[in-house]
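S.K.: Residue numbers (my numbering): -4 to 327. No residue lacks a Cβ here, since even glycine has one placed at the ideal position from N, Cα and C. Handing you a structure now.
Right under this line is the structure:
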């Protein structure tokens, strides 16, 4: 097998996603370009960890599966850092525990790393709606609310400021240069659905390595399950507000210029075009047009409110996060 060895990290925290976790691991084992290993990192849930350890106790086809306990504080960032520290691959890829990867997912990642300047590669994440189809009011411009690729991201294999964490990979040397995922900024069990930890890491990486190239290749596809609870406007609003809080933390850390660079284009070009499409569809009596236009406006206002509150908290010292160093395991 040519190219870098790839370790895949899947972070899990609840038995409620048992079947999803098994499906995620199976999709990694079925890759056309085999993973070096799959690391299942369990977030402070001994029952789930023991059950998964029993499930994957015996080696079988499709590569090694190792089950680990999150060695840091509760939350997704610390879980990812635990996986990074244990990984043996030259590249570390991340897959959500409620997603499945298409067969060539890792092959497309690996091809991009032929260029030694490439430090990170992300892919395209498609939603799988619990109800069977997208809610008519839910705008594609806000698919990031449910952890998926949103309208407005460039297509093809293109250079970007940051990859999206649920479908991403990093060269192991990226963590040597920039440290790991910041704790205190992203998801933390059942608390408010914060995010942006991958954005902050990517900006930090670009500062540490100005020559670094970060890419998204939309051929590297995963399918992410959207539960019924996240198909409602209440979750949409909660997630948008949390994104504003997170963006404030990132801007406080890396500066508003870099921290909001991509968001300015999104807010001034992508979203107005989405509102216009929604209003046009409403005038043409197409279902959902007015709802989508209204949801975009509401989402912007809610995220802006979260950003203002987060900025005030950050200035007062009431919100912070920590960037850990990550000592990556020696390659075998």
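In terms of residue numbering, what span does the beta strand (DSSP E) encompassing residue 123 cover?
M.R.: 113 to 124 is the extent of the beta strand (DSSP E) around residue 123.
S.K.: Could you check whether residue 17 and residue 78 sit closer than 8 Å to each other, using their CB atoms as the reference points?
M.R.: No, these two residues do not count as a Cβ contact at 8 Å.
S.K.: Considering just the uninterrupted stretch of the alpha helix (DSSP H) at residue 72, what are its terminal residues?
M.R.: First-last of the alpha helix (DSSP H) with residue 72: 71 to 81.
S.K.: Return the CA-CA distance between residue 59 and residue 26, expressed in angstroms with no decimal places.
M.R.: So the alpha carbons of these two residues sit roughly 13 Å apart.
S.K.: Which residue comes first and which comes last in the beta strand (DSSP E) that contains residue 63?
M.R.: It spans 59 to 64 - the beta strand (DSSP E) in which residue 63 sits, taken as one unbroken run.
S.K.: If you follow the beta strand (DSSP E) that residue 154 is in, where does it begin and where does it stop?
M.R.: 152 to 154 is the span of the beta strand (DSSP E), which, as asked, contains residue 154.
S.K.: Can at least three beta-carbon pairs, one atom from the stretch 146 to 156 and one from the stretch 89 to 102, be found at a separation below 8 Å?
M.R.: No, because fewer than three Cβ pairs between the stretch 146 to 156 and the stretch 89 to 102 fall closer than 8 Å, the two stretches do not touch.
S.K.: Looking only at C-alpha atoms, which of 161, 22, 86 sits nearest to residue 171?
M.R.: Considering only alpha carbons, the answer is 86.
S.K.: Under the three-state reduction of DSSP, which class applies to residue 30: helix, strand or coil?
M.R.: Of the three classes helix, strand and coil, the one that applies to residue 30 here is coil, per DSSP.
S.K.: Quick one, are the C-beta atoms of residue 296 and residue 284 less than 8 Å apart?
M.R.: Going by C-beta atoms, residue 296 is not nearer than 8 Å to residue 284.
S.K.: Give me, in chain order, the residues of the same chain whose beta-carbon lies closer than 7 Å to that of residue 216; leave out the 5 immediate sequence neighbours on both sides.
M.R.: 97, 100, 118, 119, 121, listed in sequence order.
S.K.: For the pair the stretch 123 to 137 and the stretch 158 to 174, tell me if three or more CB-CB distances fall below 8 Å.
M.R.: No, they do not touch.
S.K.: Using 8 Å for Cβ pairs, my map puts residue 143 next to residue 74. What's the rounded Cβ distance?
M.R.: Contact doesn't hold; Cβ gap of about 20 Å is too wide.
S.K.: Quick check: what's the CA-CA separation for residue 288 versus residue 84?
M.R.: Those two C-alpha atoms are separated by around 45 Å.
S.K.: Only counting runs of 3 or more residues, tell me where the beta strand (DSSP E) segments fall wholly within the stretch -3 to 48, in order along the chain.
M.R.: Counting whole runs of 3 or more residues, the stretch -3 to 48 contains the beta strand (DSSP E) stretches 1 to 7, 32 to 37.
S.K.: Classify residue 140 as helix, strand or coil using the three-state DSSP reduction.
M.R.: Reduced to three states, the DSSP call for residue 140 is helix.
S.K.: Is it true that the CB of residue 37 sits closer than 8 Å to the CB of residue 51?
M.R.: Not a contact, by the Cβ cut-off of 8 Å.
S.K.: Is it the case that the Cβ atoms of residue 233 and residue 70 are separated by a distance below 8 Å?
M.R.: Not in contact: residue 233 and residue 70 (Cβ atoms no closer than 8 Å).
S.K.: Among 47, -2, 41, which has the Cα closest to the Cα of residue 20?
M.R.: Closest option to residue 20, Cα to Cα, is 47.
S.K.: Compute the Euclidean distance between the alpha carbons of residue 67 and residue 106, then round it to the nearest angstrom.
M.R.: Their backbone Cα atoms lie some 32 Å apart in a straight line.
S.K.: Of the residues 65, 164, 31, 76, which one's Cα is nearest the Cα of residue 113?
M.R.: Ranking the options by Cα distance to residue 113, first place goes to 164.
S.K.: May I ask you to verify whether the stretch 191 to 207 touches the stretch 130 to 145, counting CB pairs closer than 8 Å and requiring at least 3?
M.R.: Contact fails: fewer than three Cβ-Cβ distances are below 8 Å.
S.K.: Provide the residue span of the beta strand (DSSP E) that contains residue 163, from first to last.
M.R.: Residues 162 to 166.
S.K.: Near residue 29, what residues of its chain come up, given a Cβ to Cβ distance below 6 Å and the 5 sequence neighbours on each side ignored?
M.R.: Counting only Cβ-Cβ distances below 6 Å, and skipping sequence neighbours, we find 58.
S.K.: CA-CA distance, residue 286 and residue 160?
M.R.: Their Cα atoms are separated by approximately 29 Å.
S.K.: Put residue 129 into one of helix, strand or coil per three-state DSSP.
M.R.: Of the three classes helix, strand and coil, the one that applies to residue 129 here is coil, per DSSP.
S.K.: Provide the residue(s) that pair with residue 212 in DSSP beta bridges, ordered along the chain.
M.R.: 152.
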